[in-house]
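Protein chains in written order, with full-length UniProt numbering: chain G, 1 to 712; chain F, 1 to 712. Glycine included, each C-beta is placed from N, C-alpha and C at the ideal position. Here's the structure we're looking at; comments come further down.
Number of protein chains: 2
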Amino acid sequence: MVDAVKNQTNSDSSTQLADRIEDSERLDEASGSMTIDKADARIDTAALGQYLLGTWADARIAARALTGRPEMQRVDGQTLSEHRDTVFHQLGLLVEHGGVHKAFPKSLGGEDDHGGNIAGFEELVTADPSLQIKSGVQWGLFGAAVLHLGTQYHHEKFLPAIMSLEVPGAFAMTETGHGSDVAAIATTATFDVGSQEFVIDTPFRGAWKDYLGNAAVHGTAAVLFAQLITEGINHGVHAFYVPLRDADGQFLPGVGGEDDGLKGGLNGIDNGRLHFTNVRIPRENLLNRYGDVDVDGTYSSPIQSPGRRFFTMLGTLVQGRVSLDGASVAAAKVALAIAVRYGNERRQFTAGSDTDEEVILDYQVHQRRLIPLIATTYAASFAHEQLLTKFDGVFSGATDTDADRQDLETLAAALKPLSTWHALDTLQEAREACGGAGFLAENRLVGLRADLDVYATFEGDNHVLLQLVAKRLLTDYSRRFAKADVGVLARYVVEQAADRTVSGSGLRTLAQNLSDRGSVARSVEQLREPGAQRALLTDRVETMVAEVAGRLRPGTKASKQVAADLFNANQSAVIDAARAHAELLQWEAFTDALDHIDDEGTRVVLTWVRDLFGLGLVEKHLAWYLINGRLSPKRAQAVTAYIDRLIARLRPHAQDLVDAFGYGSEHIRASIATGAEATRQKEARDYYAEQRASGEAPIDEKTLSKKQKERI
Amino acid sequence: MVDAVKNQTNSDSSTQLADRIEDSERLDEASGSMTIDKADARIDTAALGQYLLGTWADARIAARALTGRPEMQRVDGQTLSEHRDTVFHQLGLLVEHGGVHKAFPKSLGGEDDHGGNIAGFEELVTADPSLQIKSGVQWGLFGAAVLHLGTQYHHEKFLPAIMSLEVPGAFAMTETGHGSDVAAIATTATFDVGSQEFVIDTPFRGAWKDYLGNAAVHGTAAVLFAQLITEGINHGVHAFYVPLRDADGQFLPGVGGEDDGLKGGLNGIDNGRLHFTNVRIPRENLLNRYGDVDVDGTYSSPIQSPGRRFFTMLGTLVQGRVSLDGASVAAAKVALAIAVRYGNERRQFTAGSDTDEEVILDYQVHQRRLIPLIATTYAASFAHEQLLTKFDGVFSGATDTDADRQDLETLAAALKPLSTWHALDTLQEAREACGGAGFLAENRLVGLRADLDVYATFEGDNHVLLQLVAKRLLTDYSRRFAKADVGVLARYVVEQAADRTVSGSGLRTLAQNLSDRGSVARSVEQLREPGAQRALLTDRVETMVAEVAGRLRPGTKASKQVAADLFNANQSAVIDAARAHAELLQWEAFTDALDHIDDEGTRVVLTWVRDLFGLGLVEKHLAWYLINGRLSPKRAQAVTAYIDRLIARLRPHAQDLVDAFGYGSEHIRASIATGAEATRQKEARDYYAEQRASGEAPIDEKTLSKKQKERI
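If you want it as structure tokens, here you go:
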């Protein structure tokens with residue numbers, strides 16, 4: 001099965017070398033178990049599609065059956081109020097068709113199925129992101145807050161009407177003055193022992209609740225977050241169940257608000273502002289799982305530390321981030337399904353022939369624009385499946401330790417920024433790759449992009465989330481140090497010293513340069529080893545974290561202001577480290593997934609996709625690898641050359657790769673991705689062929705000689 | 001004036017070194033003529049604002065007076081048809097208030113003022129991009145085609161009604177099947193000698209005209225591009241004046257079409273599709289400046305080469321690209337004015353204090369996100385002014401040689417992609433930097449971004465334009481070679497050999513590493529020299545062009561297919577080279593502009609901005625500089641460290657830098673950039689201060705000791 005490596009003379013071009021190596025490369029080198037020739041590798045799209053559906057395949061399939069129905073889908077061109085009405089009506093259909101109650105307790109008609117609930121929920125994005133987010137507000141935030149922050153009393157009293165949509169509700173956490181910094185919200189809930197009521201107040205304009213879905217029109221109640229004050233002590237942010245409107249839709253006494261109006265997208269949701277003046281609610285309306293007030297005004301909580309209590313309460317809301325991660329992956333899949341189909345049918349410019357125009361996905365730049373996005377989408381999809389599994393483990397109680405909860409939050413905080421930004425990048429690149437057609441609403445890309453825009457900043461601003469991840473990395477790092485025996489410490493010292501040597505004199509770079517001389521072949525081979533990719537990606541994360549930790553260390557003994565300044569001076573580096581970590585997580589998830597692909601041809605192609613993703617990350621951060629002496633200039637060049645090679649090799653599989661996403665025309669719904677373009681191309685070619693055959697084609701002036709021209 | 005450089009011990013941190021150098025740096029080192037201390041440097045915003053208005057300041061000021069009027073401005077939330085009606089009405093107001101006829105001949109009531117026309121036109125983007133583009137369709141494309149492609153007969157017969165908006169018209173060039181490849185459009189105009197008419201036909205669906213502004217509703221005529229066929233010969237694409245609709249708005253016989261419907265933005269423009277079946281127009285409706293058909297059907301043209309003739313005709317339409325470049329810069333300015341103002345008022349999280357929250361622009365990452373965008377906006381603004389000057393020179397006839405026209409087209413093709421993408425990046429970053437508030441339509445960022453999205457692909461797809469630029473660079477390069485004496489050739493050979501040495505053994509890298517040892521100081525100083533920045537940027541362009549040219553050379557003697565494959569295999573490199581060239585042009589324009597800044601303080605600050613832009617480019621392409629041995633790892637690190645330093649230094653000037661853009665609240669029109677945020681912050685702070693002063697503030701549970709807690 002093994003061809004001899006072709007014996008060619010040396011060449012300076014690393015591209016040529018990479019080609020040569022790849023041409024002679026045997027698959028059994030890439031994976032011991034493979035026995036087919038790479039030229040024969042094909043994706044089994046049905047099997048891969050099934051694998052991509054993941055653990056909660058049934059929930060996804062059921063949700064896709066629903067999202068494929070026209071009455072569940074976005075109608076372009078509706079006014080703000082029409083769109084809001086449509087989506088509200090669709091929420092009713094969701095209740096009718098089931099599926100949105102999966103996460104609620106069986107005792108109340110739910111299924112206690114947390115993973116399946118999110119899997120189905122995130123699929124709604126292909127029908128209309130407004131539908132996804134509005135149902136997320138109703139059941140994933142408003143309802144889930146009652147479920148997770150309330151106790152049996154609240155479950156029995158409030159959940160049935162929430163589940164049935166009889167009571168549409170808002171999740172009143174964010175204020176005009178405070179979004180990311182929830183602990184600093186200013187709305188107060190002061191306990192009045194005399195009347196056994198909490199008194200809700202908005203002390204100033206900045207404390208208005210803002211951007212709340214269901215607040216402008218439909219919401220008749222809210223879970224409201226406010227500073228709980230009793231006996232003169234502020235016990236921090238707690239959640240309260242607060243009625244908003246009467247049966248006629250009029251605000252109850254003391255409640256006021258306004259409409260947030262038109263937004264950049266998600267206009268099927270009635271976001272609005274709320275304010276409260278001396279609004280009284282019964283003591284029992286405090287959602288009291290993590291903090292309670294007794295009849296005499298005494299505060300109690302199962303969690304002593306106010307900080308930990310706050311983060312525990314917020315932690316129950318992680319599912320929002322989980323589902324945005326999944327919905328973003330779904331949107332990227334739809335975008336690529338549209339752009340790749342169109343790129344495979346659309347023709348523009350003749351290049352290698354006088355008459356036949358090229359399919360635009362045959363252009364190198366078009367491939368460079370779209371195929372790496374396919375690779376990242378696969379990585380994000382596999383990473384999301386791991387996140388969903390982790391989430392289900394925690395919320396089902398199967399694996400629900402403190403450490404599990406922390407890991408879940410860190411994982412969600414790491415992946416959500418990457419996938420939401422990736423969806424925006426993908427939708428935009430797909431839009432531009434489809435030219436003017438991509439700008440028409442009928443081709444979906446602009447609408448999806450407009451809707452998903454805010455995914456980057458809500459449910460946790462992406463930068464703020466990455467900073468949380470970085471803090472966790474730094475904490476873990478300092479713990480390793482605290483517990484470290486001399487050996488571990490010594491290893492770090494040696495590594496640091498080695499780094500310094502590299503920066504100081506370039507000695508390691510030099511050594512690698514010399515050893516690389518004439519051995520680009522080996523360097524390319526190494527790069528496609530998963531071990532080499534893992535080492536490069538892991539090394540970068542560890543080095544960055546260690547460097548930042550080292551630079552922040554003086555702050556641990558400094559004043560608050562000095563420590564803050566020091567942290568701020570390193571904030572970019574902190575966030576870069578978190579991003580590197582998240583990228584590594586995606587790469588590991590992709591690599592894990594490869595082990596579960598049974599079909600050889602599929603595994604071969606997907607391994608190339610994984611390599612493209614991994615080496616794409618290395619290329620993106622190439623300057624870092626060069627500066628830090630991890631790659632020689634020669635090897636760095638080989639990275640790009642090999643990426644070009646991988647892209648060319650994946651080009652014939654592009655359609656299969658997006659077909660495996662499993663979305664049908666009822667989900668994609670873009671005129672340019674229906675085959676209309678291929679039909680048009682054929683009609684034009686047939687027309688010209690017939691014209692030539694019949695001798696009726698006009699002569700092209702360009703083909704006339706000067707003499708012929710003069711004669712005419 | 002010169003302090004001694006502080007004598008500090010060596011440190012490994014290049015950041016610290018950079019700080020030290022900068023602290024001791026004297027301004028008279030940066031510019032011989034400066035006499036003030038950099039700590040005192042302030043921007044004279046009024047003077048800088050005046051300079052930014054450029055040569056056609058009067059036209060801009062007049063246009064801004066108009067765009068500041070509410071009746072000229074976008075009304076959010078209108079339906080498609082309301083928005084179209086509004087914009088059409090606004091076009092009428094433009095006629096009424098003058099300003100849109102500047103480019104037309106004085107004999108017809110115009111001013112023959114081409115630069116002033118574009119300057120005013122691009123300012124319309126701040127009122128509503130739909131207004132800018134719809135007026136661009138009417139007067140910049142439809143009218144300009146009659147002006148530039150027609151002759152006196154057409155000017156007299158058609159222009160008055162076009163100028164007055166009596167005849168709204170479409171520019172019918174693009175077809176569903178062909179956008180970028182205009183030469184391949186399929187609509188035919190066949191001359192019928194018997195009736196002395198051209199017969200317009202759409203042979204198949206792909207040949208429908210598409211995406212045409214004014215085509216869906218308002219257009220009663222069009223300038224139509226079609227293959228001119230007479231006496232059995234196709235003379236290529238020519239333009240024809242074709243009536244579309246009667247006085248009642250009904251299509252004329254043989255004309256049909258449909259509405260493009262909702263788009264991602266620019267919905268004030270009625271884009272649509274048109275098709276023609278045996279539509280007859282008089283022979284005289286051929287816009288015959290560059291090609292004519294005699295009564296007997298004989299074709300004639302002042303330009304013999306059909307290829308050159310085609311590009312000459314298209315070349316008259318370059319003003320569209322020029323104005324998109326300027327409008328994109330204007331939109332980026334508005335976006336930054338919003339985000340910087342908000343970033344300077346909005347507070348979030350306490351960091352260095354227990355009570356006072358930080359202004360978000362004081363966070364390093366927020367600065368890193370916004371301040372480099374300010375620098376690029378200045379670069380793009382100065383580059384646009386040079387483009388506009390070049391454009392005016394050519395169109396006024398003052399400097400109108402073939403070479404001038406080619407330079408103008410190359411310059412427009414280079415700058416339009418960079419500025420349109422930059423505007424989208426800036427609008428998006430500004431939107432995210434404003435969080436949820438940025439997503440509200442009332443804060444303008446999402447609307448502007450949605451509208452400007454298509455700027456990246458219309459009037460020349462950005463990638464296609466960059467490829468044109470690259471072809472020009474490659475042509476120039478091969479000409480230099482063709483004429484080169486032995487000396488020049490030898491220089492290239494030496495350079496190429498040097499490159500090979502670097503890649504092959506890293507010898508040059510090594511040498512630089514060694515010489516850099518202990519002299520980061522000097523390397524930082526060198527980087528802020530304009531000469532060093534120019535050398536780095538120019539070297540990269542020249543090297544990339546030479547490398548690509550070398551790789552394409554075998555194609556010159558190969559078959560068409562082989563040459564096409566070779567070009568395609570290098571298409572990414574080709575486009576990267578063009579982009580590098582365009583970036584260099586922006587840097588040069590910025591550097592030129594500094595010479596014209598009289599106020600010292602302003603020049604000092606703007607020099608930092610220019611350095612940030614220049615070094616930002618170097619950082620963006622750092623891997624290239626490292627791989628190609630142009631920067632040592634040490635020096636590469638210094639680039640990033642110095643950028644951090646520049647950003648921190650520019651932070652206090654951020655507001656001045658955006659104030660100098662000169663847009664008033666009537667142009668910015670974002671609720672979050674009106675001072676409302678500062679008012680809200682003050683209200684909140686005053687509330688808490690009063691509460692503390694009165695002793696009514698609840699005690700924070702976090703501040704209680706364990707003992708106190710137990711007591712409670």
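- request: Give me whichever residues DSSP pairs with G:F225 in a beta bridge.
  value: For the purposes of this step, residue 225 of chain G is taken as the residue at position 225 of the first sequence. Answer is G:A239.
- prompt: Does G:H275 come within less than 8 Å of chain F when only Cβ atoms are used?
  reply: In the first sequence, residue 275 of chain G corresponds to position 275, counting from 1. No - not a single Cβ of chain F is within 8 Å of the one on G:H275.
task: Count the C-beta pairs between the stretch 157-167 of chain F and the stretch 435-443 of chain F that are closer than 8 Å, then say yes if the count reaches three, no if not.
output: no
query: Where F:G54 and F:A470 are concerned, what is the direct C-alpha to C-alpha distance, given to the nearest angstrom?
result: For the purposes of this step, residue 54 of chain F is identified with residue 54 of the second sequence, where counting begins at 1. For the purposes of this step, residue 470 of chain F is identified with residue 470 of the second sequence, where counting begins at 1. Taking the straight line from one Cα to the other gives about 29 Å.
message: I need the DSSP call for G:G32, collapsed to helix, strand or coil.
response: In the first sequence, the residue the question calls residue 32 of chain G occupies position 32. Low confidence applies to G:G32: its pLDDT is 44, below 50, so where it sits in the model is not reliable, and the reading given next is rough at best. It is coil, neither helix nor strand.
query: Do we get a CB-CB distance below 8 Å when we pair G:T457 with the residues of chain F?
result: As a working mapping, residue 457 of chain G is identified with position 457 in the first sequence. Interface residue, yes.
query: How long is the line joining the alpha carbons of G:R444 and G:R669, rounded to whole angstroms?
result: Residue numbering aside, residue 444 of chain G sits at position 444 when the first sequence is read from its first letter. Residue numbering aside, residue 669 of chain G sits at position 669 when the first sequence is read from its first letter. Each residue's alpha carbon lies about 7 Å from the other.
- prompt: Name the DSSP bridge partner or partners of F:D201?
  reply: Translated into positions along the second sequence, residue 201 of chain F becomes position 201. Partner(s): F:T188.
message: My output table needs one value for G:L212: the three-state DSSP class, helix, strand or coil.
response: What you label residue 212 of chain G is simply residue 212 of the first sequence in a count that begins at 1. Three-state result, G:L212: strand.
field: Rounded separation between G:D592 and G:V394 - CA only
entry: Working through the first sequence from its first residue, we reach residue 592 of chain G at position 592. Working through the first sequence from its first residue, we reach residue 394 of chain G at position 394. Between G:D592 and G:V394, the C-alpha separation is close to 21 Å.
- prompt: Near residue 735 of chain G, what residues of its chain come up, given a Cβ to Cβ distance below 7 Å and the 5 sequence neighbours on each side ignored?
  reply: Any answer about residue 735 of chain G is impossible in this case: the structure gives chain G only from 1 up to 712.
- request: Locate the beta strand (DSSP E) running through G:V658, then write down its first and last residues.
  value: As a position in the first sequence, residue 658 of chain G is number 658, starting the count at 1. It is not in any beta strand (DSSP E) - G:V658 instead sits in the alpha helix (DSSP H) that spans 654-659.
- request: Name the two residues that bound the continuous beta strand (DSSP E) containing F:I281.
  value: Your numbering for residue 281 of chain F matches position 281 in the second sequence. Unbroken beta strand (DSSP E) run through F:I281: 279-282.
- prompt: Hey, out of F:H275, F:D259, F:G219, F:A226, whose CA is closest to F:D248's CA?
  reply: On the second sequence, residue 248 of chain F is found 248 positions in, with the first residue counted as 1. Checked all of F:H275, F:D259, F:G219, F:A226; the closest Cα to F:D248 is F:G219.
query: If the cut is a Cβ gap below 8 Å, which residues of chain F does G:V548 touch?
result: The residue you call residue 548 of chain G lines up with position 548 of the first sequence. Result: empty, since nearest Cβ-Cβ is about 12 Å, beyond 8 Å.
- prompt: Under a CB-based cut-off of 8 Å, is G:A670 close to chain B?
  reply: Within the model displayed, chain B is absent; protein chains G and F are what it includes.
message: Tell me the DSSP secondary structure of G:N443 in three-state form.
response: On the first sequence, position 443 is the one that residue 443 of chain G refers to. Correct three-state label for G:N443: helix.
task: Determine the chain G residues that contact F:D700 at a beta-carbon separation under 7 Å, and present them in chain order.
output: As a first step, residue 700 of chain F must be located in the second sequence, where it is residue number 700. Here the neighbours are N234.
- request: Report yes if the CB atom of F:I374 is closer than 8 Å to the CB atom of F:L336, and no otherwise.
  value: Position 374 of the second sequence, counting from 1, holds the residue named residue 374 of chain F. Position 336 of the second sequence, counting from 1, holds the residue named residue 336 of chain F. Yes; because the gap between Cβ atoms is below 8 Å, this pair is in contact.
task: Answer with yes or no whether the minimum CB distance from F:R692 to chain G is below 8 Å.
output: Taking the second sequence and counting its residues from 1, the one referred to as residue 692 of chain F is at position 692. By this cut-off, F:R692 is not an interface position.
- request: Verify the CB distance criterion: does F:P105 have a CB-CB separation below 8 Å to chain G?
  value: The residue labelled residue 105 of chain F in the question sits at position 105 within the second sequence. Taking Cβ atoms only, chain G never reaches closer than 8 Å to F:P105, which makes this a no.
message: Considering just the uninterrupted stretch of the alpha helix (DSSP H) at F:T426, what are its terminal residues?
response: To locate residue 426 of chain F, count along the second sequence from 1; it is residue 426. That run of the alpha helix (DSSP H) goes 402-433.
- prompt: Taking contact to mean at least 3 C-beta pairs separated by less than 8 Å, is the stretch 656-668 of chain G in contact with the stretch 40-52 of chain G?
  reply: yes
- request: May I ask which residues mark the beginning and end of the alpha helix (DSSP H) holding F:R680?
  value: Working through the second sequence from its first residue, we reach residue 680 of chain F at position 680. Its alpha helix (DSSP H) spans residues 676-694.
- request: Assuming G:A222 and G:G169 form a contact by the criterion Cβ under 8 Å, report the distance between their Cβ atoms to the nearest whole angstrom.
  value: Counting from 1 along the first sequence, the entry for residue 222 of chain G is found at position 222. Counting from 1 along the first sequence, the entry for residue 169 of chain G is found at position 169. With 8 Å as the limit, G:A222 and G:G169 qualify as a contact, their Cβ atoms being about 6 Å apart.
- request: Check the Cβ of F:V454 against every Cβ in chain G and list those closer than 8 Å, keeping chain order.
  value: The sequence position of residue 454 of chain F within the second sequence is 454, counting from 1. Per Cβ cutoff of 8 Å: G436, F439.
- request: Establish whether the CB of G:K707 and some CB of chain F are separated by less than 8 Å.
  value: Position 707 of the first sequence, counted from the start, is the residue given in the question as residue 707 of chain G. Closer than 8 Å: no.
query: Grouping DSSP H, G and I as helix and E and B as strand, with all else coil, what is G:H275?
result: For this step, residue 275 of chain G is matched to residue 275 along the first sequence. Residue state, collapsed to three classes: strand.
query: Would G:S396 count as contacting chain F if we go by Cβ distances under 8 Å?
result: On the first sequence, position 396 is the one that residue 396 of chain G refers to. By this cut-off, G:S396 is not an interface position.
- prompt: If we cut at 8 Å on Cβ distances, does F:F204 have a partner in chain G?
  reply: Here residue 204 of chain F refers to the residue found at position 204 of the second sequence. Chain G, which has a Cβ nearer than 8 Å to the Cβ of F:F204, makes this yes.
- request: Name the two residues that bound the continuous alpha helix (DSSP H) containing F:V548.
  value: Counting from one through the second sequence, the residue named residue 548 of chain F turns up at place 548. That run of the alpha helix (DSSP H) goes 530-552.
message: Spatial neighbours of F:G397 within its chain, please: C-beta separation below 6 Å, excluding the five flanking residues on both sides.
response: Start at 1 with the first residue of the second sequence, and residue 397 of chain F comes out as number 397. Correct list: empty, nothing qualifies.
query: Does any residue of chain G bring its CB to less than 8 Å from the CB of F:I575?
result: Residue numbering aside, residue 575 of chain F sits at position 575 when the second sequence is read from its first letter. Yes - at least one Cβ of chain G is within 8 Å of the one on F:I575.
query: What residues from chain F crowd round G:D461, counting only those whose CB sits closer than 7 Å?
result: As a working mapping, residue 461 of chain G is identified with position 461 in the first sequence. Within chain F, the residues near G:D461 are G435.
task: State the beta-bridge partners of G:D292 as determined by DSSP.
output: Within the first sequence, numbered from 1, the residue matching residue 292 of chain G stands at position 292. G:D292 is bridged to G:S300.
message: According to DSSP, is G:R369 part of a helix, a strand, or is it coil?
response: In the first sequence, counting from the first residue as 1, residue 369 of chain G sits at position 369. Helix, per DSSP.
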